[in-house]
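Asker: Residue numbers (my numbering): 3 to 298.
Even for Gly, the Cβ is constructed at its ideal location relative to N, Cα and C.
The structure is given below, and queries will be raised subsequently.
Spelled out as structure tokens, the structure:
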């Protein structure tokens, strides 16, 4: 059997299956439009299956830990933290497990809407494997780089030894890496402002926090994502749905970085965007004024 024969046979089988489904719907009194809407909804869920699965796991774990009480949550967070103490003692499973546990300061339903919108946009733009790669690069990369920095700082006496036991769990490193990896899908006209805005806020966050390791980790994760974005390319096709997901994802990233310093970070982000736009204008003017090479 040739390839074309196989294709025709598969097409005939699919057509027969659709006709049989329609006859069955008519026999039991189903409205085909309802089935079509259901199939479309299932298709959209499948296209963001990693995002949906991750959100469900986060919700189940959070609800379970809340039901077990604050003492159990505190013990779990301590055991799964990617702090220097756990990593130095060979508890490397925390590198993965820590991404599925949150501190519990806020209910999970405050976290999930923004997280789902951000990750769903990444999954729609890059597909599932690249979303996982971006999240993993941010979560693992920032965690390990911060751990090295903390070890050096403790060894040099710049930080107290108690920092090695500080809790460090959650989704924020991975989320910010996904946000940074969206850089090349932003239209070129707005890309410099996008980069300047996030880097300006990230550096201000580090300064405001006194260069503590979560603040540094957030900035590192964001920069890792921006570096990774060059490998992902800029093939995004913007639709109303994707723009809405980006808007919610940006608001979510903004709240992750700013914490209580909303106004200070907004000023820092605006300053960073302005600097980036000025640098872009200067570079464009310099290219226009540069003399063309002489032809021999």
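Would you report the Cα separation of residue 72 and residue 145, rounded to the nearest angstrom?
Answerer: 25 Å
Asker: Taking DSSP as the reference, what is the three-state secondary structure of residue 240?
Answerer: Here DSSP, grouped into helix, strand and coil, assigns residue 240 to coil.
Asker: Between residue 291 and residue 52, what straight-line distance do the alpha-carbon atoms span, to the nearest angstrom?
Answerer: Rounded to whole angstroms, residue 291 and residue 52 show a C-alpha spacing of 49 Å.
Asker: Can you give me the start and stop residues for the alpha helix (DSSP H) that residue 102 sits inside?
Answerer: Looking at the DSSP string, residue 102 is not in any alpha helix (DSSP H), and its letter there is neither H nor E.
Asker: Flag this pair as touching only if the segment 160-176 and the segment 94-106 have three or more C-beta atom pairs under 8 Å; answer yes or no.
Answerer: yes
Asker: Please state whether the Cβ-Cβ distance between residue 207 and residue 184 is less than 9 Å.
Answerer: no
Asker: Would residue 74 pass as a contact of residue 67 if the rule is Cβ separation under 9 Å?
Answerer: Yes, they are a contact pair.
Asker: Determine the DSSP secondary structure at residue 162, reduced to helix, strand or coil.
Answerer: coil
Asker: Which same chain residues, not among the five before or five after residue 63, have their C-beta less than 7 Å away from its C-beta?
Answerer: 102, 103
Asker: If the criterion is Cβ atoms closer than 9 Å, does the pair residue 152 and residue 142 meet it?
Answerer: If you check the CB distance, residue 152 and residue 142 do not come in under 9 Å.
Asker: For residue 216, count the other beta carbons within 10 Å of its own beta carbon; 16 or more makes it buried, fewer makes it exposed. Which is it?
Answerer: Buried, by the Cβ-count rule.
Asker: Give me, in chain order, the residues of the same chain whose beta-carbon lies closer than 6 Å to that of residue 130; leave out the 5 immediate sequence neighbours on both sides.
Answerer: 52
Asker: Can you list, in chain order, the residues of its chain with a C-beta nearer than 6 Å to that of residue 211? Leave out the 5 residues immediately preceding and following it.
Answerer: Its chain contains 217 as the residues whose beta carbon lies nearer than 6 Å to that of residue 211, once the 5 sequence neighbours on both sides are disregarded; these appear in chain order.
Asker: Does the distance from the C-beta atom of residue 199 to that of residue 272 stay below 9 Å?
Answerer: Cβ distance < 9 Å, so residue 199 and residue 272 count as in contact.
Asker: What's the gap between the Cα of residue 123 and the Cα of residue 244?
Answerer: 6 Å
Asker: Name the two residues that bound the continuous alpha helix (DSSP H) containing residue 235.
Answerer: Counting along the chain, residue 235 falls outside any alpha helix (DSSP H), and DSSP gives it neither H nor E.
Asker: The alpha helix (DSSP H) with residue 139 in it runs from where to where?
Answerer: Bounds of the alpha helix (DSSP H) holding residue 139 are 130-157.
Asker: Are the CB atoms of residue 181 and residue 252 within a distance shorter than 9 Å?
Answerer: yes
Asker: Counting C-beta neighbours from all protein chains within 10 Å, is the total for residue 194 16 or more, i.e. buried, or is it exposed?
Answerer: buried
Asker: Using the three-state DSSP reduction, which class does residue 190 fall into: helix, strand or coil?
Answerer: coil
Asker: Which of the three DSSP states, helix, strand or coil, is assigned to residue 95?
Answerer: coil
Asker: With a threshold of 16 other CB atoms inside 10 Å of the CB of residue 88, please say whether the residue is buried or exposed.
Answerer: buried
Asker: Would you mind giving the Cβ-Cβ distance between residue 197 and residue 225, rounded to the nearest angstrom? I have them listed as a contact below 8 Å.
Answerer: Between residue 197 and residue 225 the beta-carbon gap is near 10 Å, outside 8 Å, which marks them as no contact.
Asker: Quick check on the burial criterion: 16 or more other C-beta atoms within 10 angstroms. Buried or exposed for residue 41?
Answerer: Residue confidence is low: residue 41 scores 49 on pLDDT, short of 50, so the model does not pin down where it sits. No coordinate-derived value is stated.
Asker: Output yes or no for whether 9 Å exceeds the beta carbon distance between residue 234 and residue 179.
Answerer: no
Asker: CA-CA distance, residue 285 and residue 279?
Answerer: 10 Å
Asker: At which residues does the alpha helix (DSSP H) containing residue 211 begin and terminate?
Answerer: First-last for residue 211: undefined, no H or E at that position.
Asker: Cutting at 7 Å between CB atoms, please list the residues of its own chain near residue 247, excluding the five before and the five after it.
Answerer: Excluding residues up to 5 positions away in sequence, 119, 122, 123 lie with their Cβ nearer than 7 Å to the Cβ of residue 247 in the same chain.
Asker: Any Cβ of chain D within less than 9 Å of the Cβ of residue 130?
Answerer: The chain inventory of the structure shown lacks chain D, comprising one protein chain alone.
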